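The structure appears right after this line, and notes come after that.
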Ligand code: DGT
Ligand code: CA
Ligand code: CA
Ligand code: ZN
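In the numbering used here, the protein residues as written are 2 to 578.
Right, here's the structure in full:
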């Protein structure tokens with residue numbers, strides 16, 4: 002019997018009791034709090050004490066009276082505590098889940114339940130997203146922020162991690178392995194190679210004959226927190242960023258098969274294996290074996306797909322969504338690539354907005370990436386926290402953009418635009434004259450996320466139908482891990498976009514990736530174009546583009562659908578600017 006288990010139950014009982022306003026209950030609350038302390042600080046299992054001296058022995062413990070001793074006895078005998086269960090019925094709260102969030106104790110959790118009906122992590126997320134907690138007495142903006150951080154932390158420590166946080170670390174490890182001189186080849190496989198928006202763990206493969214040395218080198222890397230399991234072919238570690246990472250060292254004759262196998266996905270692999278069986282082969286992580294069980298050496302995965310009579314396909318497409326069948330018929334179209342991207346259609350930056358880098362710096366970075374153009378799309382006036390501008394301020398700002406464009410002298414062109422708020426009722430945050438003067442307008446929802454599906458759909462469709470926006474920014478509004486997509490009928494949105502020649506954004510911010518892969522696939526059935534955009538607020542964030550492209554590729558999006566895969570001339574023609 003775990004003392005902590007009982008102590009936690011008592012603490013929770015105390016918290017639930019404290020919700021009652023009756024003054025007499027205070028004694029009981031204090032008693033349970035005290036009992037929780039006593040039990041958790043005991044040096045021996047409470048069960049042993051009970052077995053030795055029964056109820057009497059329990060009641061000798063400080064703060065334990067007859068009632069509480071009875072609860073302990075009941076729990077030891079039956080594994081249940083009726084006092085707890087009774088209160089739990091009254092307050093149906095996932096206390097364990099909620100209190101696992103840093104900055105949220107049982108008392109606060111119960112207060113949130115009473116005031117806002119928060120009963121578990123999903124309802125807490127909703128309350129935070131709707132900014133309900135900051136308005137609550139005794140909570141405020143700070144504690145809402147704290148809870149948001151706690152949620153993020155929880156997601157990153159217990160569950161899956163954002164690709165944008167995990168992939169750079171994986172690539173750093175791979176690069177160090179390559180520089181070590183111990184491996185002939187190394188790469189990131191698994192979900193990270195497939196550019197899934199979140200990863201459960203990292204899978205790194207190395208081609209080397211010096212397995213023991215490679216493993217030793219790997220375990221000593223500064224990114225590694227501790228070794229979990231160690232072996233000649235696989236070593237598993239916990240990384241400091243709070244994610245597990247497997248390293249597998251593979252001999253040359255198996256490398257192609259291993260890359261294919263460990264890239265996955267599992268469902269894709271199962272389909273591919275069926276094909277190999279039909280051909281009389283056997284495919285596993287060690288190799289592709291012929292009818293006689295001999296390894297057919299394939300140094301890369303292209304060789305595997307070729308021997309199976311299939312097109313090779315990018316890892317992003319390997320999710321068993323029909324790619325295997327198309328590849329067999331040689332009908333798979335290759336998706337857009339990072340090198341196809343010529344510009345960025347959603348960026349922030351001006352010197353009076355301290356959340357961003359100044360525009361000249363943004364332009365410098367965009368040019369250094371080889372971009373031919375990018376759209377400056379700062380926030381509009383109703384977004385106070387983001388220093389949104391009104392019509393006049395935009396006009397003045399665009400004079401600066403003109404001057405900068407002249408100075409840049411064709412090295413790169415900055416398009417004058419805005420990320421215009423779509424207000425609650427679907428109207429736009431700037432007047433039509435101001436919006437018409439712009440070359441590229443992103444329309445985005447940044448408020449009132451909790452509207453009904455009908456309201457939200459009507460709101461967004463109205464904005465698309467206004468004829469004043471060029472692209473719908475982050476169309477579902479989700480922010481991983483804490484904010485889910487708002488309720489909206491996306492089919493109606495796609496239809497409206499088709500009707501008005503409004504593009505859909507694939508926002509590349511790692512926490513957004515919005516539209517996501519499956520939505521991109523669904524939207525592609527309509528005659529719509531897409532803008533893959535970094536939404537950079539600072540220069541390094543231009544680098545988020547790869548996650549947007551990865552998501553587009555997961556959605557099988559081809560280059561001809563992507564606005565910012567156009568050259569500058571083509572784009573100018575398209576936009577009639
Ligand atoms: P994750 O880590 O949850 O983000 O997703 P993955 O895809 O990285 O999955 P993981 O790390 O469990 O395994 C890496 C790859 O190994 C996976 O994508 C495909 C392959 N694999 C793992 N288990 C199986 C299996 O039972 N059958 C087959 N065919 N392949 C598997
Ligand atoms: Ca993995
Ligand atoms: Ca793994
Ligand atoms: Zn933005």
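Glycine included, C-beta positions come from ideal geometry on N, C-alpha and C. In this text, all values refer to a predicted model and were calculated from it rather than measured experimentally.
Quiz item: If you draw a straight line from the C-alpha of residue 421 to the C-alpha of residue 574, how long is it?
Solution: Residue 421 and residue 574 have their C-alpha atoms some 23 Å from each other.
Quiz item: Where does residue 239 fall in DSSP's three states?
Solution: In the three-state DSSP reduction, residue 239 falls in the strand class (E or B).
Self-check item: Per DSSP, the bridge partner or partners of residue 207
Solution: 187, 250
Practice problem: With hydrogens ignored, establish whether the beta-carbon of residue 536 is closer than 6 Å to any heavy atom of ligand 4. | Solution: Checking every heavy atom of ligand 4 against the Cβ of residue 536, one is found closer than 6 Å.
Practice problem: Taking residue 210 as the reference, give the member of 311, 246, 119, 250 with the closest Cα. | Solution: 250
Practice problem: Compute the minimum distance between the beta carbon of residue 388 and the heavy atoms of ligand 5, and state whether it is under 6 Å. | Solution: Ligands displayed in this structure: ligand 1, ligand 2, ligand 3 and ligand 4; ligand 5 is not among them.
Quiz item: Measuring CB to CB, does residue 559 end up less than 7 Å from residue 340?
Solution: In this structure, residue 340 does not lie closer than 7 Å to residue 559 by Cβ.
Practice problem: For residue 404, count neighbouring Cβ atoms within 10 angstroms of its own Cβ and tell me buried if that reaches 16, exposed if not. | Solution: exposed
Self-check item: Terminal residues of the alpha helix (DSSP H) in which residue 275 lies
Solution: Residues 267-279.
Quiz item: How big is the Cα-Cα spacing for residue 319 and residue 266?
Solution: 6 Å
Quiz item: What number of angstroms, rounded off, separates the C-alpha of residue 315 from the C-alpha of residue 302?
Solution: Separation of residue 315 and residue 302 (C-alpha to C-alpha, rounded to the nearest whole angstrom) is 11 Å.
Quiz item: Counting along the chain, where does the alpha helix (DSSP H) carrying residue 287 start and finish?
Solution: No alpha helix (DSSP H) contains residue 287, which DSSP labels as neither H nor E.
Quiz item: Are there three or more Cβ pairs, one per stretch, closer than 8 Å when the region 257-271 is compared with the region 214-226?
Solution: no
Practice problem: Could you tell me whether the Cβ atoms of residue 337 and residue 378 are closer together than 7 Å? | Solution: no
Quiz item: At a cut-off of 6 Å, is residue 204 close to ligand 3 when judged by its beta-carbon and the heavy atoms of the ligand?
Solution: yes
Quiz item: Regarding residue 437 and ligand 1, is the C-beta to nearest heavy atom distance less than 6 Å?
Solution: no
Quiz item: Based on Cα-Cα distance, which residue from 62, 92, 61, 48 lies nearest to residue 16?
Solution: 92
Quiz item: So who's on the other strand from residue 414, going by DSSP bridges?
Solution: Beta-bridge pairing links residue 414 to 374.
Quiz item: What's the gap between the Cα of residue 510 and the Cα of residue 49?
Solution: Distance from the CA atom of residue 510 to the CA atom of residue 49, rounded to whole angstroms, is 55 Å.
Exercise. Determine, using beta carbons only, whether residue 507 and residue 549 come nearer to each other than 7 Å.
Key: Contact annotation: residue 507 and residue 549 have beta-carbon atoms nearer than 7 Å.
Quiz item: Under three-state DSSP, which class holds residue 543?
Solution: helix
Exercise. Flag residue 263 as yes when its Cβ comes closer than 6 Å to any non-hydrogen atom of ligand 1, and as no otherwise.
Key: yes
Quiz item: Going by the CB atoms, is the gap between residue 170 and residue 242 shorter than 7 Å?
Solution: When the beta-carbon positions are compared, residue 242 and residue 170 come within less than 7 Å of each other.
Quiz item: For ligand 4, is there a heavy atom less than 6 Å away from the beta-carbon of residue 420?
Solution: Yes.
Quiz item: What separation, rounded to the nearest whole angstrom, lies between the Cα atoms of residue 65 and residue 59?
Solution: So the alpha carbons of these two residues sit roughly 7 Å apart.
Practice problem: Using 10 angstroms around the beta-carbon of residue 435, count the other beta-carbons present and answer buried if the total reaches 16, otherwise exposed. | Solution: buried
Self-check item: Residues bridged to residue 484 (per DSSP)
Solution: Beta-bridge annotation (DSSP): residue 484 is paired with 480.
Exercise. Put residue 228 into one of helix, strand or coil per three-state DSSP.
Key: The answer is strand: DSSP assigns residue 228 an E or B state.
Self-check item: Endpoints, the beta strand (DSSP E) within which residue 531 is located
Solution: 531-534
Quiz item: Leaving out five residues before and five after residue 471 in sequence, what residues of the same chain have Cβ atoms less than 6 Å from its Cβ?
Solution: 441, 442
Quiz item: Hey, quick one: how far does the beta strand (DSSP E) through residue 506 stretch, first residue to last?
Solution: 504-508
Quiz item: What do you reckon, is the C-beta of residue 267 under 6 Å from a heavy atom of ligand 1?
Solution: yes
Self-check item: Distance between residue 270 and residue 199 (C-alpha atoms, nearest Å)
Solution: Spanning the two alpha carbons is a distance of roughly 20 Å.
Quiz prompt | Euclidean distance between Cα positions of residue 462 and residue 478 | solution = 15 Å
Quiz item: So residue 260 packs on residue 206, CB below 8 Å; how close in whole Å?
Solution: About 6 Å separates the two Cβ atoms, so the contact holds.
Quiz prompt | Candidates 127, 514, 75, 62: closest to residue 452 by CA position | solution = Nearest neighbour of residue 452 by Cα position, chosen from 127, 514, 75, 62, turns out to be 127.
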